[in-house]
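Those letters in the sequence shown? Residues 56 to 616, per the working numbering, in order.
The structure under discussion appears below in the form of structure tokens.
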Amino acid sequence: MTTSPTPEPAPIPSAYAGRWVALVKGQVVAQGQTREAAFLAARAVRPKEPLDVVYMPETLPIFHSPLMTLLRQSLPADQPIFLVGGAVRDAVLAREVHDLDFAVPKGALAFARKLADKLSAAFYPLDGENDTARLVIIHPDGSRDILDFAGFRGESLEDDLRGRDFTINAVALDLHSGELHDPLSGLADLRAKRLRACAETSLADDPVRILRGVRQAAGYGLTIDPATRQQMKSAASGLPSVSAERLRDEILKILAGPQPDIALRALDMLNILPHILPELEAMKGVNQSPPHVQDVWSHTLSVLRHLEAILDLLGPQYNEQKSNADVYNGLLVLKLGRYRAQLAEHLSQKLNTDRPLRALLFLAALYHDVEKPSTRTVEESGRIRFFGHDDKGAQTALRRAIALRLSNDEMDRVKTIITHHMRVHAQTDHQRKGHTISRRAIYRFFRDTGPAGVDIILHSLADLRATYEHTLPQEIWAAELDVCRALLEAYWETPEQVVRPPQVLNGDDLIKELGMTPGREIGQLLEAIRENQAEGHIFSREEALAFARGWLQGHPKGVKK
56 MTTSPTPEPA
66 PIPSAYAGRW
76 VALVKGQVVA
86 QGQTREAAFL
96 AARAVRPKEP
106 LDVVYMPETL
116 PIFHSPLMTL
126 LRQSLPADQP
136 IFLVGGAVRD
146 AVLAREVHDL
156 DFAVPKGALA
166 FARKLADKLS
176 AAFYPLDGEN
186 DTARLVIIHP
196 DGSRDILDFA
206 GFRGESLEDD
216 LRGRDFTINA
226 VALDLHSGEL
236 HDPLSGLADL
246 RAKRLRACAE
256 TSLADDPVRI
266 LRGVRQAAGY
276 GLTIDPATRQ
286 QMKSAASGLP
296 SVSAERLRDE
306 ILKILAGPQP
316 DIALRALDML
326 NILPHILPEL
336 EAMKGVNQSP
346 PHVQDVWSHT
356 LSVLRHLEAI
366 LDLLGPQYNE
376 QKSNADVYNG
386 LLVLKLGRYR
396 AQLAEHLSQK
406 LNTDRPLRAL
416 LFLAALYHDV
426 EKPSTRTVEE
436 SGRIRFFGHD
446 DKGAQTALRR
456 AIALRLSNDE
466 MDRVKTIITH
476 HMRVHAQTDH
486 QRKGHTISRR
496 AIYRFFRDTG
506 PAGVDIILHS
516 LADLRATYEH
526 TLPQEIWAAE
536 LDVCRALLEA
546 YWETPEQVVR
556 PPQVLNGDDL
566 IKELGMTPGR
576 EIGQLLEAIR
586 ENQAEGHIFS
596 REEALAFARG
606 WLQGHPKGVK
616 K
């Protein structure tokens with residue numbers, strides 16, 4: 056598997072603005088008015104080392120964006136206002152900017168209310184005590200921009216920036232001049248790919264920042280500064296006192312973000328997990344029989360890694376280089392690549408407006424084997440078994456989901472994925488014995504799982520890759536892909552024939568036409584009819600009634616005497 060390199064930061068406006076600079080490993084070693092002048096000056100002091108020669112613009116491109124221009128046109132010339140935090144960081148990295156946070160000296164609520172009138176934006180007061188407000192600008196094409204405003208946390212902009220979590224987020228862009236304010240050298244840390252806390256007490260003051268830091272380190276390919284690592288370890292004991300909602304949001308952002316397996320490894324190494332997800336600890340060191348090649352914990356992290364890779368390979372943006380990286384990727388794209396659009400639509404659905412479905416898929420993957428330690432048995436032959444770990448694990452995950460204040464729909468989705476995470480593997484075993492998955496089996500799979508069946512399919516593929524790693528026989532991978540393709544084909548191409556056959560009879564019909572008495576037999580018969588519809592044996596009301604009469608001969612209790 057290949058991974059995309061972390062994007063290089065865009066040239067950072069600084070004292071070198073408007074000039075060419077030569078860089079060695081991200082550090083400026085020379086400058087000049089032309090590219091050649093900077094190159095020659097650098098070669099005089101670093102004759103052999105590889106050089107990057109770049110032009111330093113006078114400000115970030117985001118400064119000239121239509122939205123920033125519109126804001127400047129709407130602002131009084133004497134109103135100090137700064138773009139702060141993640142927006143500046145992402146603009147420097149040339150990444151898409153999502154969160155627009157602005158800082159003003161004071162009176163953010165009143166300021167935002169006046170600005171909303173000028174911009175024809177919706178105004179939402181967020182927190183009067185902390186002087187924060189939100190504007191939502193809806194554009195003619197239906198897109199929207201969300202702008203948050205807050206008063207300085209401290210006496211000055213520098214106080215505000217020094218009070219933030221990490222130096223890479225403690226940079227501000229003056230909306231009037233385009234000048235960057237960077238009192239803690241956050242831009243240098245960003246170029247050096249280093250995560251550093253703003254102050255010695257930054258993490259102890261708000262322990263949830265530990266999770267945010269680990270997420271950003273994984274997402275931006277940063278190395279956590281040694282002193283910051285120690286702060287994380289020391290402040291971890293404060294995490295249980297953080298509200299469940301804040302913990303939930305950061306944990307799910309980690310799982311939905313880039314490289315969740317790397318983030319979980321970091322949380323493990325920093326001894327953070329016992330304070331937030333204590334049930335995961337028992338998985339460490341629990342050995343498994345072949346074909347597993349790792350213990351339960353390492354296997355779980357590998358599932359996260361493979362799941363991210365599979366979602367990437369089957370994502371909307373086709374990457375031929377990644378699909379050709381190995382035979383497993385090639386087969387995956389060959390057999391399931393036709394469902395990119397459907398998968399993208401499925402994963403874009405939200406069971407909660409604030410949290411993506413992707414996060415729940417990774418949460419289920421994290422917990423799918425959580426009860427293997429408690430169900431582990433060793434047979435006389437030495438083979439290790441984990442009977443019932445799926446059902447028991449689903450209950451453990453449900454308890455954690457409740458503790459994290461997930462919605463009922465979210466809890467049900469996680470529970471369903473874990474409960475049924477072995478079913479695709481079971482069908483693959485049948486497939487390898489020459490038994491192609493039947494329409495009845497497909498119907499029963501989606502009857503029991505619903506939309507979560509798609510998530511289970513994705514999870515199963517990652518689980519299989521992680522089970523074998525490089526020892527995975529190609530024929531087993533191909534068989535699993537064939538099962539998954541048959542399931543997805545039925546779900547998206549023939550749903551009314553196989554997955555959700557239309558109702559041709561109801562309970563009242565059975566009572567009226569066949570003299571049945573109300574009871575569970577009616578439900579059993581209706582289900583038998585649906586299964587036969589899915590198999591292609593029943594197409595009409597008359598055929599359903601004929602089937603029902605035959606069924607009742609073997610179930611006479613359901614008929615009135």
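Positions of the beta carbon are idealized from the N, C-alpha and C atoms, including for glycine.
* **Proximal residues to Pro313 (C-beta, below 7 Å), its chain only, five neighbours per side dropped** => Ala273 and Gly274
* **Secondary structure of Ile327, DSSP reduced to three states** => coil
* Asked: How many Å lie between Arg460 and Ser298 at the Cα?
  -> 10 Å
* Relative to the alpha-carbon of Lys488, which residue among Gly385, Glu530 and Leu416 has its alpha-carbon at the smallest distance? -> Glu530
* **Other residues of its chain near Glu334: CB distance less than 7 Å, five sequence neighbours each side excluded** => Closer than 7 Å at Cβ, skipping near neighbours: Val425, Thr451 and Arg455.
* Buried or exposed: Val95, going by 16 or more other Cβ atoms within 10 Å of its Cβ? -> It is Leu, not Val, that sits at residue 95 in the sequence shown. Exposed is the call here.
* Taking only the alpha-carbon atoms, compute the straight-line gap between Pro60 and Val388 and give it to the nearest angstrom. => Legend: pLDDT at Pro60 = 43, less than 50; position of this residue unreliable, no value from coordinates given.
* Return the CA-CA distance between Asp518 and Asp220, expressed in angstroms with no decimal places. => 36 Å
* Nearest-angstrom Cα separation, counted from Asp563 out to Leu270 -> A small correction: the amino acid at residue 270 is Arg; Leu does not occupy that position in the sequence shown. Their backbone Cα atoms lie some 56 Å apart in a straight line.
* **Segment contact, 8 Å Cβ cut-off, at least three pairs: the stretch 434-443 with the stretch 341-350** => yes
* Kindly list the residues whose CB is nearer than 7 Å to the CB of Leu126, restricted to its own chain and excluding five residues on each side of it in sequence; keep chain order. => Leu230
* Applying the criterion that 16 or more other CB atoms from any shown protein chain within 10 Å of the CB defines a buried residue, is Gly508 buried or exposed? -> buried
* Look at the Cβ atom of Gly183, then the Cβ atom of Leu155, and state whether they are nearer than 8 Å. => The answer is no: Cβ separation not under 8 Å.
* **Where Tyr373 falls, given that 16 or more other Cβ within 10 Å makes a residue buried** => exposed
* Pick helix, strand or coil for Thr256, following the three-state DSSP scheme. => Thr256 falls in the coil class under three-state DSSP.
* Asked: Counting Cβ pairs, one atom from each stretch, are 3 or more of them under 8 Å apart for the stretch 573-581 and the stretch 533-547?
  -> Taking 8 Å as the limit for Cβ pairs, the verdict is that the stretch 533-547 does not touch the stretch 573-581.
* To do: Return the bridge partner residues of His347 from the DSSP annotation.
  => Paired residue(s): none; His347 is not in a bridge.
* To do: For Met56, collect the residues of the same chain with a Cβ closer than 7 Å to its Cβ; drop the 5 residues on either side in sequence, then sort them by chain order.
  => Residue confidence is low: Met56 scores 35 on pLDDT, short of 50, so the model does not pin down where it sits. Its coordinate-derived value is still stated next. Result list for Met56: Ala364 and Ala380, in chain order.
* **6 Å CB neighbourhood of Ala85 in its chain, flanking five on each side removed** => If we look at Ala85 and ignore the five residues flanking it on each side, its Cβ neighbours are Ala77, Ala93, Ala96 and Ala97.
* Between which two residues does the alpha helix (DSSP H) carrying Gly443 extend? -> Judged by DSSP secondary structure, Gly443 falls outside any alpha helix (DSSP H); it is assigned neither H nor E.
* **Secondary structure of Ala603, DSSP reduced to three states** => helix
* Smallest Cα separation from Ser129: which of Trp547, Asp172, Asn587 and Pro281? -> Asp172
* To do: Under the assumption that Asn384 contacts Ser462 (Cβ atoms under 8 Å), give the Cβ distance between them as a whole number of angstroms.
  => Their Cβ separation, rounded to whole angstroms, is 35 Å, which puts Asn384 and Ser462 out of contact at 8 Å.
* Which two residues bound the contiguous beta strand (DSSP E) that contains Ala188? -> Thr187 to Ile193 is the span of the beta strand (DSSP E), which, as asked, contains Ala188.
* To do: Within its chain, find whatever has a CB closer than 6 Å to the CB of Leu266; leave out the 5 residues flanking it on each side and keep chain order.
  => Glu305
* 8 Å Cβ cutoff met for Asp510 and Ile472 -> Taking a C-beta distance under 8 Å as the contact criterion, Asp510 and Ile472 qualify as a contact pair.
* Asked: What is the residue span of the beta strand (DSSP E) that Ile566 lies within?
  -> Segment Gly562 to Leu569 is the alpha helix (DSSP H) holding Ile566; no beta strand (DSSP E) there.
* **Element boundaries [beta strand (DSSP E), containing Phe118]** => It is not in any beta strand (DSSP E) - Phe118 carries neither H nor E in the DSSP assignment.
* Where Thr57 sits in the DSSP three-state scheme -> Legend: pLDDT at Thr57 = 35, less than 50; position of this residue unreliable, value from coordinates given subsequently. Note: Thr57 maps to coil in three-state DSSP.
* Is DSSP giving Arg410 helix, strand or coil here? -> In the structure shown, the three-state DSSP call for Arg410 is strand.
* What three-state label does DSSP hand Gly206 in the structure shown? -> strand
* To do: List the DSSP bridge partners of Arg249.
  => In DSSP, Arg249 forms a bridge with Thr278.
* If you draw a straight line from the C-alpha of Arg520 to the C-alpha of Leu527, how long is it? -> So the alpha carbons of these two residues sit roughly 7 Å apart.
* To do: Spell out a yes or no on whether the stretch 313-331 and the stretch 283-295 are touching, meaning 3 or more CB-CB pairs, one atom from each, closer than 8 Å.
  => yes
* Name the residue from Ala396, Pro295, Arg393 and Gln608 whose alpha carbon lies nearest to the alpha carbon of Met571. => Gln608
* For Ile136, I'd like the list of residues in its chain whose CB is within less than 7 Å of its CB, leaving aside the five on either flank, ordered along the chain. => Leu130, Phe157, Val159 and Leu230
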